[in-house]
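Engineer: This is the structure, below, for whatever I ask next.
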Amino acid sequence: MSEVLIVGGSIGGLTLGLMLHRAGIPSRIYESAPDIKPLGVGINILPHASQDLCGLGLEEPLSRAGILTREAVFYNRFGQLIYSEPLGRFAGNASPQFSIHRGDLQLVLLEAYRERAGADRVLAGWRCTGFDQDSSGATAYFRDTTTDAELPPQRGTVLIGCDGLHSVIRKQLHPDEGPPLYSGVNMWRGVAPWPSFLSGASMVRAGWHEGGKMVIYPIRNDVDGRGRQLVNWVAEIATPKYKARDWNRAGKLEDFIDAFADWHFDWLDVPALIRSTENILEFPMIDQEPLPWWSRGRVTLLGDAAHPMYPRGSNGAGQAILDARVLTESLTGYRDPVDALSAYEAVRLDATANVVRMNRRNPPDAILREVFVRTGDKPFRNVEDVITHEELRAITEGYKQATAGSAR
Ligand SMILES: Cc1cc2nc3c(=O)[nH]c(=O)nc-3n(C[C@H](O)[C@H](O)[C@H](O)COP(=O)(O)OP(=O)(O)OC[C@H]3O[C@@H](n4cnc5c(N)ncnc54)[C@H](O)[C@@H]3O)c2cc1C
């Protein structure tokens, strides 16, 4: 197999490059950002996906860069505990759950790919503008991101669009698709150094979208030599208006802080954490209706380009990693690359559509919705009067089954 062209050098594209390299298939990665900088905030990799990163020999650098998540804890907005469960290795899984800065994850993957495949195989500042293909290969077209000058067309056996939510490859394959779909929930996010809270590796979800929900978890240990962690927080609030998603759009404190003004819990002072954050980002919770197909001949999609989803189940990066594994297996197993792309799509299209729909309907935080609705947003005396342990467990277990079972 000659070279695989990978458009997009983020979680999906870099993982694919690493897996192809291990399988002896050469690739080249074209990334539009002129410098690959650690952008974004926190991200989680659940065991069903971390096993693949560990299999690539990345457990050690990821453990150093991030946190091995210990437990999920759910509270109402009054700080009353609803449910907790162990996560990752602490739940008996063979692989850990990582909570990590998205940029740290991207840099671990980038460093490994450059070291193993060769630094010249990642081309930064190459913005793909489109492709065409014939019976022997695919050609991708590029412009220099900084100068807009045309760059030489690149040819490979197949072309994989790993170019995220605003994918040009997806746009060319599906020109009539409408804009992303807004969930009705807007998000403000940030990170701040903070003393360790709860277990020091707890993923907290609290409140609900009507009135305000928070997701809070640490993503780096000891950031100041005094044991403070880098803590990631996300405020999610039902909001009718939204601005188009730009991962780097600055958010304003006054637009959302009121919802959390009295969240002074004995384990964490939430408004103080938010106020200590230097850069607040704002982006809407959006997804796209699952596509009827991803592949045409020698071109296909992977990761967010194929199936953008609400970030409500820690599965965005994870599903991109599972795509990369299945695509690598298909490219290794089929002689004809067109058959390989079809086989990949046959395994992953419905599986990921299912995750997109689960994230709309019943991700783990549906626990919070149930308690919010059943209590009428009032404190409870005893959580068992509101919802049983079995019901709570069924929500998180149902999600795990639907998302982790999708690739095997
Ligand atoms: C800057 C940024 C910040 C993010 N921050 C968060 C976050 O804080 N939390 C979270 O849950 N998710 C975040 N995400 C999304 C998250 O990374 C994805 O949901 C998930 O990891 C799947 O990754 P992916 O590789 O499929 O897509 P993405 O991570 O979106 O990567 C797509 C890559 O393709 C590149 N690209 C786009 N267009 C072109 C083009 N025309 N030519 C060449 N390259 C192109 C992009 O620069 C990017 O590197 C962020 C994505 C980006 C790009």
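Mapped onto the numbering used here, the consecutive letters of the sequence shown carry residue numbers 14 to 421. Even glycine gets a Cβ: it sits at the ideal position worked out from N, Cα and C.
1) Select from L120, L27 and F155 the residue whose C-alpha is nearest the C-alpha of T142.
2) Identify which residue in R262, D259, G225 and P284 has its Cα closest to the Cα of A248.
3) Would you mind giving the Cβ-Cβ distance between M227 and W246, rounded to the nearest angstrom? I have them listed as a contact below 8 angstroms.
4) Please indicate yes or no: does the CB of L59 lie closer than 7 angstroms to some heavy atom of ligand 1?
5) Going by DSSP, which residues form a beta bridge with T313?
6) For A366, which residues from the same chain have a beta carbon less than 6 angstroms from its beta carbon, with the 5 sequence-adjacent residues on both sides left out?
7) How many Å lie between D352 and Y412 at the Cα?
8) Where are the beta strand (DSSP E) runs, 3 residues long or more, that stay fully inside the region 106-188, in chain order?
9) May I ask you to list the residues that DSSP assigns as paired with G220?
10) In terms of residue numbering, what span does the alpha helix (DSSP H) encompassing P60 cover?
11) Have a look at R421 and N199 and give me their C-alpha separation to the nearest angstrom.
12) By how many angstroms is the C-alpha of D317 removed from the C-alpha of F393?
13) For Y195, name the three-state secondary structure that DSSP assigns.
14) Using only CA atoms, which one of T401, R406, I400 and L381 lies nearest to N89?
15) Can you tell me which of N261, L100 and R134 puts its alpha carbon nearest to the alpha carbon of E84?
16) Within 7 angstroms: the Cβ of H187 and any heavy atom of ligand 1?
17) Quick one: is the Cβ of I19 within less than 7 angstroms of any heavy atom of ligand 2?
18) Is any non-hydrogen atom of ligand 1 found closer than 7 angstroms to the C-beta of P377, if you look at the structure I gave you?
19) Considering only residues of the region 317-378, which uninterrupted alpha helix (DSSP H) runs meet the minimum length of 4 residues and lie entirely inside it, listed in chain order?
20) For the candidate residues F111, G25, R127 and A107, whose alpha-carbon lies nearest to that of A333?
21) From the DSSP secondary-structure annotation, give me the bridge partner or partners of V17.
22) Runs of 3 residues minimum, wholly inside the region 279-313: which ones carry the beta strand (DSSP E) assignment?
23) Buried or exposed, going by whether 16 or more other CB atoms sit within 10 Å of the CB of R6?
24) Compare the C-alpha of G191 against each of D300, R288 and L69 and name the closest.
25) Does DSSP classify G26 as helix, strand or coil?
26) Within this structure, are the beta carbons of E223 and V135 separated by less than 8 angstroms?
27) If you reduce the DSSP assignment to three classes, tell me which class R202 lands in.
28) Compare the C-alpha of P284 against each of R370, E403, Q119 and W207 and name the closest.
29) Within this structure, are the beta carbons of W306 and G53 separated by less than 8 angstroms?
30) Can you say whether G203 is buried or exposed, counting buried as having 16 or more other CB atoms within 10 angstroms of its CB?
31) Compute the distance between the beta-carbons of T170 and V17, then report whether it is under 8 angstroms.
32) Looking at C-beta atoms only, is the number of pairs between the region 397-404 and the region 36-50 that lie closer than 8 angstroms three or more?
33) Which whole-angstrom value describes the C-beta separation of G329 and P376, a residue pair presumed to lie in contact below a C-beta threshold of 8 angstroms?
34) For G55, list the residues DSSP reports as bridge partners.
35) The alpha helix (DSSP H) with A251 in it runs from where to where?
36) What runs of the beta strand (DSSP E), each 3 residues or longer, lie entirely inside the region 64-102?
Structural biologist: For this structure:
1) F155
2) Nearest option by C-alpha distance: G225.
3) 6 angstroms
4) no
5) I173
6) Taking C-beta separations shorter than 6 angstroms and ignoring five residues to either side along the sequence, the partners of A366 in its chain run P303, following chain order.
7) 31 angstroms
8) The region 106-188 contains these whole beta strand (DSSP E) runs: 111-114, 135-137, 139-147, 150-157, 163-169 and 171-174.
9) DSSP output for G220 lists K226 as bridge partner(s).
10) P60 to G68
11) Reliability of the predicted coordinates at R421 is poor, the pLDDT of 45 falling under 50, and no value is obtained from them.
12) 39 angstroms
13) strand
14) L381
15) L100
16) no
17) Questions concerning ligand 2 fall outside what the structure shown contains, since the ligands it does hold are ligand 1.
18) no
19) 329-346 and 350-374
20) G25
21) S40 and V171
22) Whole beta strand (DSSP E) segments, 3+ residues: 294-300.
23) Residue numbering for the chain in the displayed model covers 14 to 421; residue 6 lies beyond these limits and cannot be assessed.
24) D300
25) DSSP places G26 in helix when its eight states are reduced to three.
26) Not a contact, by the Cβ cut-off of 8 angstroms.
27) strand
28) W207
29) no
30) By the C-beta density criterion, G203 is buried, having at least 16 other C-beta atoms within 10 angstroms.
31) yes
32) The region 397-404 makes no contact with the region 36-50: fewer than 3 CB pairs, one atom from each, lie closer than 8 angstroms.
33) So it is not a contact: roughly 12 angstroms between Cβ atoms.
34) H114
35) Element bounds for A251: not the alpha helix (DSSP H) but the beta strand (DSSP E), Q242 to A251.
36) Taking only runs of at least 3 residues, the beta strand (DSSP E) segments lying wholly in the region 64-102 are 84-88 and 94-99.
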